[in-house]
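Take a look at the structure below.
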Amino acid sequence: MNVDEITKIDGFEYDSQRSYLQLPVLATYTWKLAQNTGLSFGVGPYVALGIAGKHKVKGQTYDMETGEFSYSEKENSPFEFNYKRFEVGLSTMISLEVNHWVTKVNYETNLNRRDRYKDNLISLGIGYRFSL
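For what it's worth, the working numbering labels the leading residue of the sequence shown as 12, then goes sequentially.
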């Protein structure tokens, strides 16, 4: 295409938010480092069900012949065409427990449609483990 033939310039903004109900199944191993201290590592699959979401695309076009901008906006569910409502992935976890206080780091990767979307998650957690 010749540069002189270009008459429009397009741009868009894309935002997708998804909420899932997730069930991880991890095999964990804990090393007892001291009397009240332990280090744990876990790995395993997870399954997730998409329960809510919002997918928004905003676009604008500039027509070089007329010098005018046109805008468009569309909002729908992200599960309609881009993302699957049911997902499967791999989860890993490392945690440190000291005197019932737990700090934890998780890494998760989605195994669905890895060719198009590489969904990864890193999360940090702090908690207190109650003994019953």
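Yeah, the Cβ is synthetic: ideal placement off N, Cα and C, and Gly gets one too.
Cβ shell of residue i (< 7 Å), same chain only, five flanking positions each side left out
{"i": "residue 134", "result": "117"}
{"i": "residue 49", "result": "41, 42, 43 and 108"}
Through-space distance from residue j to residue i, alpha-carbon basis
{"i": "residue 29", "j": "residue 120", "result": "15 Å"}
{"i": "residue 110", "j": "residue 54", "result": "24 Å"}
{"i": "residue 26", "j": "residue 129", "result": "16 Å"}
{"i": "residue 66", "j": "residue 32", "result": "18 Å"}
{"i": "residue 22", "j": "residue 78", "result": "15 Å"}
{"i": "residue 45", "j": "residue 51", "result": "13 Å"}
{"i": "residue 59", "j": "residue 97", "result": "6 Å"}
{"i": "residue 112", "j": "residue 24", "result": "42 Å"}
{"i": "residue 63", "j": "residue 76", "result": "42 Å"}
Run of the beta strand (DSSP E) containing residue i, from where it starts to where it stops
{"i": "residue 80", "result": "79–87"}
{"i": "residue 123", "result": "From DSSP, residue 123 is part of no beta strand (DSSP E); its letter is neither H nor E."}
{"i": "residue 132", "result": "131–139"}
{"i": "residue 101", "result": "97–109"}
Close-in-space but distant-in-sequence residues of the same chain around residue i (CB under 8 Å, 5 per side omitted)
{"i": "residue 56", "result": "35, 36, 99, 100, 101 and 102"}
Own chain partners of residue i with C-beta closer than 6 Å, once the 5 adjacent residues on each side are dropped
{"i": "residue 132", "result": "119"}
{"i": "residue 114", "result": "107 and 137"}
{"i": "residue 81", "result": "72"}
### Message
For the structure I just gave you, are there three or more beta carbon pairs, one from the stretch 81–88 and one from the stretch 30–46, closer than 8 Å?
### Response
Counting Cβ pairs under 8 Å, fewer than three are found: no touch.
### Query
For the stretch 64–83 against the stretch 105–116, are there 3 or more C-beta pairs whose distance is under 8 Å?
Judged by Cβ distances under 8 Å, the stretch 64–83 makes no contact with the stretch 105–116, as fewer than three pairs qualify.
### Message
Report the start-end ranges of each beta strand (DSSP E) in the stretch 19–60 that is 3 residues or longer and not cut off at the edges.
### Response
Complete beta strand (DSSP E) runs here, min 3: 19–35 and 38–45.
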